[in-house]
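First the structure, in the form of C-alpha cells, and then the observations on it.
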Amino acid sequence: MRRDFADPALLDALASLASRAGARIMGHYGCEAMVKGDGSPVTAADHDAEEEILAGLAQLLPGVPVLAEESAAAGRWPASTEVFVAVDPMDGTREFLSQNGEFTVNIGIIVAGHPVVGVVQAPALDRLWIGSPLGAEAMALGSGASVGAARDRRAIHTRALPETGPVALVSRSHPDAASEGYYAARGITSRRAVGSSLKYTLIAEGEADVSVRFASISEWDIAAAHAVLAAAGGTMTQPDGAPLVYGRADRQFRTEHFIACSGAFAARHPL
Numbered sequence: 002m003r004r005d006f007a008d009p010a011l012l013d014a015l016a017s018l019a020s021r022a023g024a025r026i027m028g029h030y031g032c033e034a035m036v037k038g039d040g041s042p043v044t045a046a047d048h049d050a051e052e053e054i055l056a057g058l059a060q061l062l063p064g065v066p067v068l069a070e071e072s073a074a075a076g077r078w079p080a081s082t083e084v085f086v087a088v089d090p091m092d093g094t095r096e097f098l099s100q101n102g103e104f105t106v107n108i109g110i111i112v113a114g115h116p117v118v119g120v121v122q123a124p125a126l127d128r129l130w131i132g133s134p135l136g137a138e139a140m141a142l143g144s145g146a147s148v149g150a151a152r153d154r155r156a157i158h159t160r161a162l163p164e165t166g167p168v169a170l171v172s173r174s175h176p177d178a179a180s181e182g183y184y185a186a187r188g189i190t191s192r193r194a195v196g197s198s199l200k201y202t203l204i205a206e207g208e209a210d211v212s213v214r215f216a217s218i219s220e221w222d223i224a225a226a227h228a229v230l231a232a233a234g235g236t237m238t239q240p241d242g243a244p245l246v247y248g249r250a251d252r253q254f255r256t257e258h259f260i261a262c263s264g265a266f267a268a269r270h271p272l
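Residues in the sequence shown are numbered consecutively from 2, following this note's numbering.
Okay, structure coming up:
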C-alpha cells in the first residue's frame with residue numbers, strides 16, 4: 002500500500018484533524034483520571050480525542066491500519082505494519098491532569114518501519130508542528146480551528162549549538178538516572194523539564210538541543226514527533242546510532258532506548 006504522504010492537502014487535513022482532537026481534549030480540562038490495567042492514568046479526554054482522530058483517519062486514509070493507544074489497550078492492534086498510522090490521542094496525561102499545558106496530540110504515518118509524516122499539536126499552548134518529506138513547519142493554531150486559520154506558519158530547523166553549551170530537555174514525569182549520567186558525561190549543565198512529545202518538537206524548532214531516554218516507550222508516544230524532528234534536520238536513534246524501527250508487533254510496539262537531538266549536537270557528540 003503506497004500513497005503520496007507528502008501531499009500538502011493531506012498534511013493540512015491531518016493538522017486540522019489534530020486541532021479538532023485538541024478541542025475535544027480541552028473540553029475535559031480539569032477532569033479526573035481513571036487507571037488502566039497497566040497502572041497508567043487515562044481520562045475521558047483520551048477517549049474523546051481518539052474517537053475524533055479515528056473517524057477522521059477513516060475519511061482521509063481509508064484502509065490504512067491504525068495503531069492507537071486506547072484501542073491497543075482494548076486489544077485492537079493493526080492488521081499490517083508495512084504502512085500504518087501511529088496515534089497517541091493525548092501524550093502526557095499526567096501533564097494534562099496537573100494542568101501545566103505540556104501535553105500533545107500525535108498522529109504519525111509509518112512506512113517500512115520509519116516515520117515519514119508527523120503532526121503534533123499542543124492543545125493548551127495553541128501550537129502545532131508538521132514534519133514530512135517536504136520539511137518541517139511550526140504554527141500557532143487554536144484548538145478546534147482549521148489549519149487555514151493558522152498564524153505565524155513557518156519552516157523550522159534545528160539550531161546551531163549555543164556558545165553557552167547545549168540545552169537538554171528532561172522528562173518532567175519520568176526522570177531516570179541513566180539519562181542524567183549521559184548529560185553529566187558530556188558536560189551538559191543546562192536542563193529544562195518538559196512533558197510529553199513536546200520535548201522533540203522544541204528541539205526541532207530550535208529551542209533546545211538534546212533529550213535522551215534510557216527506557217522503552219510505546220511507538221505512538223514518539224512516532225509523530227520523530228518525523229517532525231527528522232524533517233527539521235535532527236535525529237532520533239538508538240544510543241549506538243542504529244535507527245529506531247517502528248511496527249514492532251513482536252515487542253507490542255515498544256521502542257528501543259533513544260537519543261533525540263539536533264544535527265549540530267549529533268555532529269559534536271557522534272554516537
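Ideal placement from N, C-alpha and C gives every residue a C-beta, glycine not left out.
Query                                                                                                      : Result
Residues near L61 in its chain [Cβ-Cβ closer than 8 Å; skip 5 each side]                                   : L11, A14, L15, L18
Three-state class that DSSP yields for A225 in the structure shown                                         : helix
R252 burial status per 10 Å Cβ neighbour count (16 or more: buried)                                        : exposed
Own chain, CB closer than 8 Å to D5, minus 5 neighbours either side, in chain order                        : L11
Own chain, CB closer than 6 Å to M2, minus 5 neighbours either side, in chain order                        : Low confidence applies here, because M2 scores a pLDDT of 45, under 50, leaving its location unreliable; read the following figure in that light. The residues are V84.
DSSP-derived helix/strand/coil call for T1                                                                 : Lying before the first or after the last residue shown, residue 1 is absent from the chain, which here runs from 2 to 272.
CA-to-CA distance, E70 to L129, given in whole angstroms                                                   : 20 Å
Straight-line Cα distance separating G76 from G64                                                          : 19 Å
DSSP state of H48 mapped onto helix, strand, coil                                                          : helix
Residues bridged to F6 [DSSP beta-bridge criterion]                                                        : Answer is none; F6 lacks a bridge partner.
Cβ pair V273, G132 closer than 8 Å                                                                         : Lying outside 2 to 272, the shown extent of the chain, residue 273 is not represented and no answer is given.
Counted within 10 angstroms of its Cβ, other Cβ atoms place E164 as buried (16 or more) or exposed         : exposed
Residue range of the beta strand (DSSP E) that includes R1                                                 : Shown here, the chain extends from 2 to 272; a query on residue 1 therefore has no answer.
Beta-carbon proximity list for D49, same chain, < 6 Å, skipping 5 on both sides                            : R25
Candidates G196, A141, D47, K37, of which the one nearest Y30 by Cα                                        : D47
Outcome for T94 when other beta-carbon atoms lying within 10 angstroms are tallied against a minimum of 16 : buried
Beta-carbon proximity check, E53 vs A73, cutoff 8 Å                                                        : no
Nearest candidate by alpha-carbon position, reference S41, set D92, A179, V211                             : D92
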